[in-house]
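One structure is given here, and the rest of the page talks about it.
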Amino acid sequence: MFCLKGKSLITINVNEEDYELLIRPSDILLDTLRNQLGLTGAKPGCNNGDCGTCTVLVNGWPVKSCLMLTAEAVGKKITTVEGLKAAPIQKAFIEQFAFQCGYCTSGFLMVCHALAGIHPDPPDIVIDEWLQSNICRCTSYEEIGTAIRTVLDGKIE
Amino acid sequence: MIPFEFDYYKPATIQEATEAYCQLEAAGKEPVYYGGGSELISMARLGNLHFGSVIDIKAIPECKVLEYDRDNQLVLGSALTLSEICESKQFPLLEKTAGRIADHTMQCKITLGGNLASTILYRETVLPLLVADSRITIAGKDGIRDFPISRIFDKRLNLPKGSFVVRVSTEKGVVGSPYFHIKKTRNEKIDYPLITVAGIKTSGRLRIAFSGLLPYPFRSIKVENILNEFDDETVCAMEVVNFLSDKILSDINGSSEYRKFELKNTIINVLETMKDV
Amino acid sequence: MGSIGVGKTVIRKEAWEKVTGQAKYTDDFISNHILTAQMVTSTYAHAKIQNIDISSASSLPGVKAVLTGEDYPVLFGQLIEDHPPLARDKVRYYGEPVALVVADSAFTAAKAAAMIHVLYEPLPVINSPLQAVDTNAPLVHEKMIMYQIVKEDIYPNYDTNICDQKKIRKGDAEKAFEQCDVIVEAAFHLPQSDHIAMETRSAQARIDASGTVYIKSASQSPFSIKKIISKIFHLDQSKVIVEVPFVGGGFGGKAPVQLEILAYIASAAVGGRAVRLTNSRENDIVSSPCRMGLEAKLKLGASKDGMLQSVQMKYLVDTGAYSDIGPTLTKAIIVDCTGPYKIDNVHCDAFCVYTNHPYVTSYRGFSHASSAFCIERMMDKLAQKLNMDPAELRYKNALCPGCTSPTQVKITSSNFGNLNSCILKLKEIINWSEGTRMKVEENIIRAKGMACLWKTSNSPTDAVSGVFLTFNPDGTINLNCGCVEYGPSMKTTAAQILSEKLKMDINHISVNMDVNTKYSPEHWKTVASMTTYMLGRAVLRAAEDVIRQLTSIAAVALHCPREDLEVAEEKVYVRHDPSLFLPFKELVHGYKFLNGNAVFGPILGQGSFIMNDLNILDQETGKGKSGPFWTVGAQAVEIEYNKKDYTYRFIKAATVIDAGRVLNPKMAEGLIKGGMCMGLGLGSRESFSYDEEARVLDTSLRTYKVMHFGETPEYLVSFIETPQIDAPYHARGIAEHGIIGIPAALGNALSLAAQAEFDELPLVPETIWRMKTGGIL
């Protein structure tokens, strides 16, 4: 049985690279990404699963990394904003002014990126449901909606 | 960040899980079963919960099934995420209910078993199971056992110590019944319910279960009798309100009076929409 | 793809950093050596501290220090020094920091924090501003008389809970009411709420061997941090160096100084080692300052033709447990108390009162979103009583050149713009003429409500800004300024203004995204929608400075008089023969003759700005000038109201602002829309609720609800451009204004739809249900 007793060495795959890390079994994925891997793109916003600034992809699905143990990530493929390779949604966010302070941006990008991959042609209600997982306090959300739609409509290369 | 240490176990079989529990319990390691973990982590962070070890059941194949068995029962593993259940489109009422718990990203983490066993008072996934007379399979040191949900869920999931939910089974006919789901919140879609009702119509009778109204989710045969006996929707709704009246919650989301108003409207709404179904 | 100047959409300079996770915010700077501080906060809103037991926490391995209020018995405050960094003797609000743990990791710090036991003796609480002004109310601050008052225009009433009072006396309100044909009266109740910037507040501090203090902070006011820390701890200002990287939203909430002081004392307690202190969301909501609450009573009178004659107002600002900027919030209310309307007789009293609520600070719109709710609801009540179109009533009474403001400042086209053009344009885009209340189907009513807004700065009379320009050898420019980049794209605006003035490609202008008080010229605070004006003026002066230097050098090099030279496209050329020119790169590091001789030196440009004609308001009448200009606008909200279940949804939200000149259209639109979205949140869901012991109940985003994706209306934004003559390219500040009139417009729309008077916020269905049914089933 896979088990971690006390501080343990594990391997996790982040942005297609394997990292060997010494962790506590109680460590939170968000903290590990930021403090140990220096991947500070995922942000703490509430540490309670309410705001979405810490969203990363786990095997392609959006997950709030503040409510995931690092131990749970073993054997999974984690993608953070640093792992987006010129994804269309990044350009769309810039062109549509879909951020201002930029703090919620990584989380929104990850949700949008996952949505475009999993549901390339979603009805509006699905877009709403996915993106309601995140809070942006600067924009009106309309800009973010336009950005994801330009990507889904293939209007961005 | 969780301000205490614990050990992490990820068993591959049911037996490994229950044995690990017994051993950890005996060793004073305060084990808890771990599904999606969102509630455990958030409560632990705030110091509202303490445990010495977690047993993550997500690698147990029986906890991840999503299929019809030979008896035409839809079997859902307890470690399926709400999102997996929704995306499968197998159980429309459960899909509707799960799709309104927390937000979509959280639904990718919250598991069926985790929500059923939640300590937060809403536990909305139980509503479809209550009205569908689902069966719950649990595993513990005495092996695997199967219960009608009414036997094991009364206000909360009453599991024997050391056991966990493996799967939930629901009859195909019931899964496909006409259904309704209404969730009312203070003013924000993603919120705890003032009231959530979920129900089905089967053999010409309405079945209904509630969350948010009392400090626990419930199905009431008495309420169902009222719904199925009266012709006039408003009279019927007031009967239901009066029956539940003295126990209705009052909190920052809404006063008990307002919840009664929402209950009345919701019942009328249900009766109207389900009348000709 | 070069772009020159203002008036066209420009992508913000830091755009790519922000979509790749590369943009660094304060708590992203983590090293292995940094210690972590965590606060222990009060579980009571008002209680004597009998004992704090830190013994077991202190002895936990990894704990480096545990501090309580006794360790640093100092007081701070930007207007009244009433605030201990850690509570001493008693706590005054739920969530107040009482102790601070410094440990080798967040893990140990949290563990130790849980081991600190505080013994309290509860005291009676002040749970509303009305309670605060009761005779015999318990005092939140018993020794107010001992406090240092930092600014001259603060008027406390000692031995009460009133820490400041501001007045307007203009004309004779009482007498004028006798002449009024129509009078409306109402009381308003607006609760406290919170900024909810997505980045919680965060600060780091270290002290080097020379005693120099380094602070890194998520702040809108790096220069205030420097001044306040040097003042409290008696340090030379040159010994306090503050650095601010990207900031994840501010909305006024990061203008005050709080965590920085705690981080400093934490570092001082561990021999100057670097310490980080970051708020949990719960602490950010309740322990750090929030948005003001307001109680108000208004009486407004008009003649039967709808001309406003007289107004009488009493405001109680809930400043919470400490004054922070509360007195200035109170001042801002009186300054613009009439709304942007001509009323010759004004009697206004505004009190800033202590309560046992969390303390308050600036918030987007300052106090205007609250005071606008009151006056704009009054305008609709009056219109109803007069049986007049509310838009018509506003149009008739709109301030215009020749009128005076409540503080008797002369209104001009330049300092005010054109409100009536905004109203007309708003009516057009929201289709006001189709009707403001329509039944669209059984039980569904569509209704529109509007509100006007105005706001000036209320900045210190000597607020400053500054800019340094340096050149790279290739002729590109580095613009160094002290404003913080927390969202509204100020750094890009500065580059745009410079690009316009020098007629050069904006991509060849690099702006420092961070601020470091050691290298950056002081910019007062990045607040009050004043940055375009203040920083923009400094940029223009700096640009003139480099133009003068460039042309002086080129005059020598090109053998021509300076006045014949023009600067554009990174060249200095002869106006009447542009083929005679020198590129910047041959001038900016001095000029070198063919024989190798060099003259002049690197061009260093500088420009500075100070507010120049503001003054302290008269204590008795309020007369005086508190800001260089207003920004005015008109807003509307359209909703669909369900008569059956008392719910509503947003259909449209519209804003027309007189921007003077729109510098970056898509950005401007985004700022206004974002403001509207926040305003809809304030109107419909955001507020603190307290239990009977004055403890805030909504301490997380699970229960404190803000607007989410998919709940927002269609947004309509339009601009009027009436030049503000003294502003950079005539552009007014617009960053806050989208929020100001929206709660009022929503209140007006809903009052019309439901045919009931909604004078409190937020407007949740339960409130509407209660109002319409009396709470009876």
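Those sequence lines, one after another, are chains P, E and X.
Start counting the first sequence at 1; every next residue gets the next number (our numbering).
Start counting the second sequence at 158; every next residue gets the next number (our numbering).
Start counting the third sequence at 435; every next residue gets the next number (our numbering).
Even for Gly, the Cβ is constructed at its ideal location relative to N, Cα and C.
If you're wondering where the values come from, they're calculated on a predicted model, not measured in any experiment.
With 16 other Cβ atoms within 10 Å as the buried cut-off, status of residue i
i: X:Glu515; result: buried
i: P:Lys5; result: exposed
i: E:Leu507; result: Not covered by the structure: residue 507 of chain E. The range shown for chain E is 158 to 434.
i: P:Tyr185; result: In the structure as shown, chain P begins at 1 and stops at 157. Residue 185 of chain P is therefore absent and cannot be evaluated.
Start-to-end residues for the beta strand (DSSP E) that takes in residue i
i: X:His781; result: Asn779 to Tyr788
i: X:Glu919; result: First-last for X:Glu919: undefined, no H or E at that position.
i: X:Gln638; result: Ser636 to Ile641
i: E:Phe367; result: Arg362 to Ser368
i: X:Ser651; result: Val647 to Ser651
i: P:Asn48; result: Where P:Asn48 is concerned, there is no enclosing beta strand (DSSP E), given that its DSSP letter is neither H nor E.
i: X:Lys600; result: Ile596 to Lys604
i: E:Tyr165; result: Asp164 to Lys167
Extent of the continuous alpha helix (DSSP H) to which residue i belongs
i: E:His338; result: Premise fails: E:His338 lies in the beta strand (DSSP E), Tyr336 to Lys341, not in any alpha helix (DSSP H).
i: E:Thr268; result: It is not in any alpha helix (DSSP H) - E:Thr268 carries neither H nor E in the DSSP assignment.
i: X:Lys452; result: Ala449 to Val453
i: X:Lys660; result: Pro656 to Ile666
Distance between residue j and residue i (C-alpha atoms, nearest Å)
i: X:Met435; j: X:Val918; result: Residue placement at X:Met435 is poorly supported in this model, since its pLDDT is 48, which falls under 50; the coordinates still yield a value, given next. Cα to Cα, X:Met435 sits roughly 27 Å from X:Val918.
i: X:Val1071; j: X:Asn1049; result: 36 Å
i: X:Thr764; j: X:Tyr527; result: 21 Å
i: E:Val397; j: E:Ser320; result: 36 Å
i: X:Thr454; j: X:Arg707; result: 31 Å
i: X:Lys1232; j: X:Ala1169; result: With chain X represented from 435 up to 1211, any question about residue 1232 of chain X goes unanswered, as that position is not in the structure.
i: E:Leu316; j: E:Gly209; result: 20 Å
i: X:Glu677; j: X:Met947; result: 11 Å
i: P:Leu84; j: E:Val392; result: 58 Å
i: X:Ser1013; j: X:Leu1116; result: 59 Å
i: X:Phe667; j: X:Met747; result: 42 Å
i: X:Ala1286; j: X:Cys808; result: Outside the displayed span of chain X (435 to 1211) sits residue 1286 of chain X, for which this structure offers no information.
i: X:Ser664; j: X:Lys673; result: 8 Å
i: E:Ile424; j: X:Ala881; result: 29 Å
i: E:Asp164; j: X:Ala499; result: 29 Å
i: X:Asp1161; j: X:Lys935; result: The sequence given here has Ala at residue 1161 of chain X, not Asp. The alpha-carbon atoms of X:Ala1161 and X:Lys935 are separated by roughly 13 Å.
i: E:Tyr373; j: P:Leu69; result: 29 Å
i: X:Ser489; j: X:Gln692; result: 26 Å
Residue of the options minimising C-alpha distance to residue i
i: X:Ser1185; options: X:Tyr1124, X:Tyr1082, X:Ser1123 and X:Asp1160; result: X:Tyr1082
i: X:Lys738; options: X:Lys650, X:Cys771 and X:Lys830; result: X:Lys830
i: X:Gly1209; options: E:Leu363, E:Ser412 and E:Asn426; result: E:Ser412
i: P:Thr53; options: P:Pro122, P:Asn15, P:Ser133 and P:Thr32; result: P:Ser133
i: X:Ala755; options: X:Ala766, X:Val769 and X:Val787; result: X:Val787
i: X:Arg798; options: X:Gln1189, X:Gly1175 and X:Glu1200; result: X:Gly1175
i: X:Pro774; options: X:Asp1092, X:Lys1107, X:Gly1108 and X:Lys661; result: X:Asp1092
i: X:Lys873; options: X:Ala1188, X:Ala703 and X:Ile550; result: X:Ala1188
i: X:Cys915; options: X:Thr927, X:Asn906, X:Asp908 and X:Pro907; result: X:Thr927
Short Cβ contact (7 Å threshold) for residue i with residue j
i: X:Lys1077; j: X:Asn877; result: yes
i: X:Ile1073; j: X:Ala1178; result: no
i: X:Tyr1007; j: X:Glu997; result: no
i: X:Trp888; j: X:Val1033; result: no
i: P:Asp50; j: X:Leu1135; result: yes
i: X:Ser476; j: X:Glu555; result: no
i: E:Ala255; j: E:Cys265; result: no
Could you run through the segment 1092-1121 of chain X and flag, in chain order, every residue whose CB is less than 8 Å away from some CB of chain B?
-> Absent from the structure is chain B; the protein chains it does hold are P, E and X.
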